[in-house]
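To convert, take the position in the sequence shown, counting from 1, and add 171; that gives this note's numbering. We put the beta carbon where it would ideally sit given N, CA and C, even for glycine. So the structure is just underneath, and the comments pick up after that.
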Amino acid sequence: MTRPPAILRPAVPADLDSLVELHTRARTAYYRAGGLPAAEIDTPDGPARRREGWAHSIRSPTRTVRCALRNDTVVGVVAMGPPLVPGNEPVLVGELYQIHVLPGQWGQGIGGQLHAAFVRFLREAALPTGRVEAWERNHRAQAFYARHGWRPDGHRRPGPAGACYVRMRLAPDAP
Numbered sequence: 172m173t174r175p176p177a178i179l180r181p182a183v184p185a186d187l188d189s190l191v192e193l194h195t196r197a198r199t200a201y202y203r204a205g206g207l208p209a210a211e212i213d214t215p216d217g218p219a220r221r222r223e224g225w226a227h228s229i230r231s232p233t234r235t236v237r238c239a240l241r242n243d244t245v246v247g248v249v250a251m252g253p254p255l256v257p258g259n260e261p262v263l264v265g266e267l268y269q270i271h272v273l274p275g276q277w278g279q280g281i282g283g284q285l286h287a288a289f290v291r292f293l294r295e296a297a298l299p300t301g302r303v304e305a306w307e308r309n310h311r312a313q314a315f316y317a318r319h320g321w322r323p324d325g326h327r328r329p330g331p332a333g334a335c336y337v338r339m340r341l342a343p344d345a346p
């Protein structure tokens with residue numbers, strides 16, 4: 172049986188608890204799958220930092236946050252906007268800050284819907300390129316991005332457990 176698509180809508184402050192819980196569960200799943208020891212996955216102040224980060228993103232005039240809902244429950248989220256760390260590139264890049272789907276909802280098309288929202292964001296802002304970072308041991312995320320046309324650009328930065336974050340780029344309108 173095919174499930175209907177999730178409903179996407181802008182995130183609002185009332186979503187904060189759901190976003191923190193969703194983010195916490197998703198990151199725990201991918202770090203655990205990547206072999207990061209449980210003691211290193213989170214810190215006591217982690218949920219508070221995530222709450223502050225999501226609150227900032229929702230309030231920000233330069234960031235866009237969309238929630239995916241099924242039966243009035245937040246099951247996915249995508250956050251995007253200008254590059255967080257400006258480089259020596261022109262302002263023609265939109266950054267996919269985060270995309271998370273509740274682990275029990277993986278494989279049901281929600282991630283694809285959230286990704287499509289990011290591609291719409293790029294097109295509406297006339298940005299020819301998207302960029303994202305994925306932990307190199309998060310094979311599920313890297314495969315997801317590759318299926319959607321993302322390619323590594325050679326930039327890496329240190330991450331947990333001696334594994335790097337790999338930056339990827341997307342040119343949604345490239346032939």
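(message) Contact defined as beta carbons within less than 8 Å: I believe G320 pairs with P343. What is the distance between those atoms, to the nearest angstrom?
(response) Correct: roughly 7 Å between the Cβ atoms.
(request) Can you tell me which of P253, P175, L190, R174 puts its alpha carbon nearest to the alpha carbon of I270? (result) For the residues P253, P175, L190, R174, the minimum Cα distance to I270 belongs to L190.
(request) Measure from the alpha carbon of V249 to the alpha carbon of each residue in D188, R318, H194, A219, then state which is nearest. (result) It is H194.
(message) To the nearest angstrom, how far is the alpha carbon of P215 from that of Y268?
(response) So the two alpha carbons sit approximately 23 Å from each other.
(request) Would you kindly work out how many angstroms separate the C-alpha atoms of E223 and G247, rounded to a whole number? (result) Those two C-alpha atoms are separated by around 18 Å.
(message) What does the alpha-carbon distance come out to for the pair P329 and Y336?
(response) Going by the C-alpha atoms only, they are around 6 Å apart.
(request) Give the straight-line distance between the Cα atoms of H227 and A185, rounded to the nearest whole angstrom. (result) Their backbone Cα atoms lie some 13 Å apart in a straight line.
(message) Tell me the DSSP secondary structure of A349 in three-state form.
(response) The structure shown does not extend to residue 349, since the chain is modelled only from 172 through 346, so no value can be given for it.
(message) One question on the structure: do I281 and A239 come within less than 8 Å of each other, judged by their Cβ atoms?
(response) For I281 and A239, yes; Cβs fall inside 8 Å.
(message) Classify R230: buried if its beta carbon has 16 or more other beta carbons within 10 angstroms, exposed otherwise.
(response) Burial is judged here by how many other beta carbons sit within 10 angstroms of a residue's own beta carbon; R230 has fewer than 16 and is exposed.
(request) Check H286 in the structure and name its three-state DSSP category. (result) The answer is helix: DSSP assigns H286 an H, G or I state.
(message) Buried or exposed for G333, going by 16 or more other Cβ atoms inside 10 Å?
(response) G333 comes out exposed.
(request) Would you identify the three-state DSSP class for T199, choosing helix, strand or coil? (result) Residue state, collapsed to three classes: helix.
(message) Using C-beta distances below 7 Å, list every residue in its chain close to P175, excluding the 5 sequence neighbours before and after it, in chain order.
(response) Result list for P175: empty, nothing under 7 Å.
(message) Using 8 Å for Cβ pairs, my map puts R237 next to P181. What's the rounded Cβ distance?
(response) Going by Cβ atoms, the distance from R237 to P181 rounds to 6 Å, so yes, they are a contact pair.
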